[in-house]
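Trainee: When we follow the working numbering, the leftmost residue of the sequence shown carries the number 93, and every step to the right adds one.
One structure follows; several queries about it will come next.
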Amino acid sequence: MSKEIERKIAVIFATDVVGYSKHMEVDESETVKNLRACEKILIKLFKKHGGSLFNTGGDSFLAEFPSAVGAVECAVEFQNEIKARNTVEKTTVPLQFRVGVNTGDVVKEKGNLLGDGVNIAARLEAFAQTGGVTISKSVYDYVKGKTKYEYNDLGIQRIKQNEFHAYDILLNLSQKRKLKAHKSNVLVIGAIAATALLGLIGLFYFNINSQDTNNNKFNDPNRISLLLLPFKLQSKGDEGTFIANSITDHVSTTLAGFDKLFVFDKSSADYF
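Next up, the structure:
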């Protein structure tokens with residue numbers, strides 16, 4: 093009988109060296125010596141914050157933490173210590189790291205951890221800036237009121253097959269970056285809503301025209317008055333407002349083209 097798969101929720105810390113291959117090409121021996129020194133710093137901080145290393149591959153390290161706060165504190169301290177180390181004159185190869193932190197469901201297999209929880213941590217690490225820390229929204233929700241750091245909301249990002257809401261921890265103001273959020277789902281929903289509304293109005297207009305044709309009322313001066321209230325999206329931010337306004341304008345312009353309809357200007361909605 094096959095052994096039952098063991099699952100659990102874990103906080104995953106992922107880090108690796110930026111440009112490791114190039115460092116190895118220039119000076120292999122010194123790069124390895126400096127990596128060992130950085131690894132000692134990392135292991136010391138894992139022990140301090142309750143982390144446990146479960147996988148390593150040359151210049152990359154994966155650790156499990158029982159606490160999201162502990163993982164974030166460890167990540168920030170690690171980057172600060174590496175930055176300080178690189179300013180010391182005796183540092184022959186100043187290595188730099190990226191760190192990603194995620195929490196999620198993982199599979200425990202022969203002392204290793206597998207699954208989306210680990211994969212997304214690795215994607216966040218690759219997405220992080222040099223010398224920076226990027227965390228998932230699930231981690232942010234745990235730590236936002238329990239840490240003193242500032243966070244930069246990067247919105248929904250998609251890398252390969254993984255989609256996640258990412259936040260940068262601002263170790264300094266120069267790390268604040270502005271990236272386009274992945275908004276394909278919002279655009280699709282908006283397009284479907286606008287198309288459906290126009291389809292219903294078109295069907296309604298067709299029925300009115302059909303009735304007028306049968307009753308010879310083409311010269312009826314009465315028209316249907318219509319006020320279209322602005323669309324509102326649940327997602328926050330300037331991009332969501334722009335999309336909502338664009339949908340409203342598009343639908344209003346299209347409806348205004350029907351002879352049997354009188355469409356009020358959208359500013360009239362302010363009085364309702």
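Positions of the beta carbon are idealized from the N, C-alpha and C atoms, including for glycine.
Locate the beta strand (DSSP E) running through residue 232, then write down its first and last residues.
Mentor: Per DSSP, residue 232 belongs to no beta strand (DSSP E); it is in the alpha helix (DSSP H), 229 to 235.
Trainee: Taking residue 218 as the reference, which of 258, 182 and 201 has the closest Cα?
Mentor: Nearest C-alpha to residue 218: 258.
Trainee: Give me, in chain order, the residues of the same chain whose beta-carbon lies closer than 8 Å to that of residue 221; leave out the 5 immediate sequence neighbours on both sides.
Mentor: 190, 260, 267 and 269.
Trainee: Is the stretch 172 to 185 in contact with the stretch 125 to 136, if contact means three or more CB pairs nearer than 8 Å?
Mentor: Verdict: yes, contact present.
Trainee: Applying the 10 Å Cβ sphere with the 16-neighbour rule, what's the burial state of residue 246?
Mentor: Residue 246 is buried by the Cβ-count criterion.
Trainee: Quick one: residues in its chain with C-beta nearer than 6 Å to the C-beta of residue 192, no 5 flanking neighbours on either side, listed in chain order?
Mentor: For residue 192, where only same-chain residues beyond five positions count, the Cβ hits under 6 Å are 106, 213, 216, 217, 220 and 226.
Trainee: Using a Cβ-Cβ cut-off of 8 Å (strictly less than) and excluding sequence neighbours within five positions of residue 161, which residues of its own chain qualify?
Mentor: Within the same chain, residue 161 has close Cβ partners 234, 235, 238 and 239.
Trainee: In whole angstroms, what is the alpha-carbon distance linking residue 123 and residue 185?
Mentor: Straight-line Cα distance between these residues: approximately 6 Å.
Trainee: Ignore the nearest five residues each way along the sequence and tell me which others in residue 187's own chain have a CB closer than 6 Å to its CB.
Mentor: Cβ within range, chain order: 109, 126 and 130.
Trainee: Using CA coordinates, which residue listed in 252, 167 and 205 is at the minimum distance from residue 224?
Mentor: For the residues 252, 167 and 205, the minimum Cα distance to residue 224 belongs to 167.
Trainee: Once the 5 residues before and after residue 265 are set aside, which same chain residues still bring their CB inside 8 Å of it?
Mentor: Counting only Cβ-Cβ distances below 8 Å, and skipping sequence neighbours, we find nothing.
Trainee: Assuming residue 198 is part of the beta strand (DSSP E), what are its boundary residues?
Mentor: Note, residue 198: beta strand (DSSP E), 189 to 201.
Trainee: How is the beta strand (DSSP E) around residue 123 delimited, first residue to last?
Mentor: It is not in any beta strand (DSSP E) - residue 123 instead sits in the alpha helix (DSSP H) that spans 120 to 141.
Trainee: Can you tell me whether DSSP reads residue 97 as helix, strand or coil?
Mentor: If DSSP states are grouped into helix, strand and coil, residue 97 belongs with coil.
Trainee: Alpha carbon to alpha carbon, what distance is there between residue 159 and residue 200?
Mentor: Straight-line Cα distance between these residues: approximately 18 Å.
Trainee: If you check the beta carbons only, do residue 117 and residue 141 fall under 9 Å apart?
Mentor: Not in contact: residue 117 and residue 141 (Cβ atoms no closer than 9 Å).
Trainee: How many Å lie between residue 146 and residue 243 at the Cα?
Mentor: In a straight line, the C-alpha of residue 146 is about 28 Å away from that of residue 243.
Trainee: Excluding sequence positions up to five away, which residues of its chain have a Cβ less than 6 Å from the Cβ of residue 298?
Mentor: With a pLDDT of only 49 at residue 298, under the threshold of 50, the placement of this residue in the model should not be trusted; the figure read from the coordinates follows. Cβ within range, chain order: n/a, list empty.
Trainee: Mind checking which residues open and close the alpha helix (DSSP H) that includes residue 254?
Mentor: It is not in any alpha helix (DSSP H) - residue 254 instead sits in the beta strand (DSSP E) that spans 254 to 262.
Trainee: Mind checking whether residue 144 and residue 194 have CB atoms under 9 Å apart?
Mentor: Not in contact: residue 144 and residue 194 (Cβ atoms no closer than 9 Å).
Trainee: State the DSSP-derived secondary structure class of residue 108, mapped to helix, strand or coil.
Mentor: Reduced to three states, the DSSP call for residue 108 is strand.
Trainee: Tell whether a beta-carbon distance below 9 Å holds between residue 104 and residue 209.
Mentor: It is a contact, given that the beta carbons lie within the stated cut-off.
Trainee: I want to check one thing, is the minimum distance from the CB of residue 100 to the heavy atoms of the ligand HEM below 8 Å?
Mentor: The ligand HEM is not part of the structure shown, which contains no ligands of any sort.
Trainee: What first and last residue would you give for the alpha helix (DSSP H) that runs through residue 213?
Mentor: It spans 208 to 219 - the alpha helix (DSSP H) in which residue 213 sits, taken as one unbroken run.
Trainee: Would you say residue 231 lies against chain D (beta-carbon separation less than 9 Å)?
Mentor: Absent from the structure is chain D; it holds one protein chain and no more.
Trainee: Can you give me the start and stop residues for the alpha helix (DSSP H) that residue 162 sits inside?
Mentor: Counting along the chain, the alpha helix (DSSP H) containing residue 162 begins and ends at 160 to 178.
Trainee: Taking C-alpha atoms, which residue in 121, 101 and 180 lies nearest to residue 156?
Mentor: Per the Cα distances, 101.
Trainee: I need the boundaries of the beta strand (DSSP E) containing residue 90, first residue and last residue.
Mentor: In the structure displayed, the chain extends from 93 to 364; residue 90 sits before or after that span and is not available.
Trainee: For the putative contact between residue 254 and residue 211, defined by C-beta atoms under 8 Å, what is the C-beta separation to the nearest angstrom?
Mentor: Contact flag correct, Cβ pair sits at about 6 Å.
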